[in-house]
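Under our numbering, the first residue of the sequence shown is numbered 19, with each subsequent residue one higher. Comments concern the structure below.
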Amino acid sequence: MKQLVAELAKQRAGLKDDVSHLIQESLKPLEAAVGALRDTVGSFQARLVATETIAGENFERLTTAEATIKALQAQNQTLLDHVDDIENRSRISNLRIVNIL
Numbered sequence: 019m020k021q022l023v024a025e026l027a028k029q030r031a032g033l034k035d036d037v038s039h040l041i042q043e044s045l046k047p048l049e050a051a052v053g054a055l056r057d058t059v060g061s062f063q064a065r066l067v068a069t070e071t072i073a074g075e076n077f078e079r080l081t082t083a084e085a086t087i088k089a090l091q092a093q094n095q096t097l098l099d100h101v102d103d104i105e106n107r108s109r110i111s112n113l114r115i116v117n118i119l
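So this is what it looks like as structure tokens:
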């Protein structure tokens with residue numbers, strides 16, 4: 019009986035080692051795939067950070083450009099008003115009275 023128990027224990031240990039080895043071997047391709055996925059995610063994350071940085075810089079430049087455009091539009095309107103005023107004053111100075119009897 020002791021021999022049978024010893025043989026069963028030996029078989030169990032061998033079976034346990036075989037199953038453990040099979041699990042280890044089947045996990046290697048999965049670990050490689052997970053590593054490749056991590057690399058891909060890391061690459062996408064780096065590209066996303068770069069894109070967000072560029073978008074932020076472009077937003078700041080756009081805000082600055084819009085402010086400059088508004089200032090130039092206001093200045094342009096002021097200059098147009100000034101030109102109109104000068105033209106009107108010039109017309110008043112150049113009045114001619116014709117055919118007065």
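Using N, Cα and C, we set each Cβ at its ideal position, and we do this for glycine too.
Give, in chain order, every unbroken run of the alpha helix (DSSP H) that is at least 4 residues long and sits entirely within the segment 19–86.
The alpha helix (DSSP H) runs lying completely inside the segment 19–86 and spanning 4 residues or more number zero.
If you reduce the DSSP assignment to three classes, tell me which class Asn106 lands in.
Reduced to three states, the DSSP call for Asn106 is helix.
DSSP-derived helix/strand/coil call for Asn94:
Correct three-state label for Asn94: helix.
In whole angstroms, give me the CA-to-CA distance for Arg56 and Ala85.
Between the alpha carbons of Arg56 and Ala85 lies a distance of about 43 angstroms.
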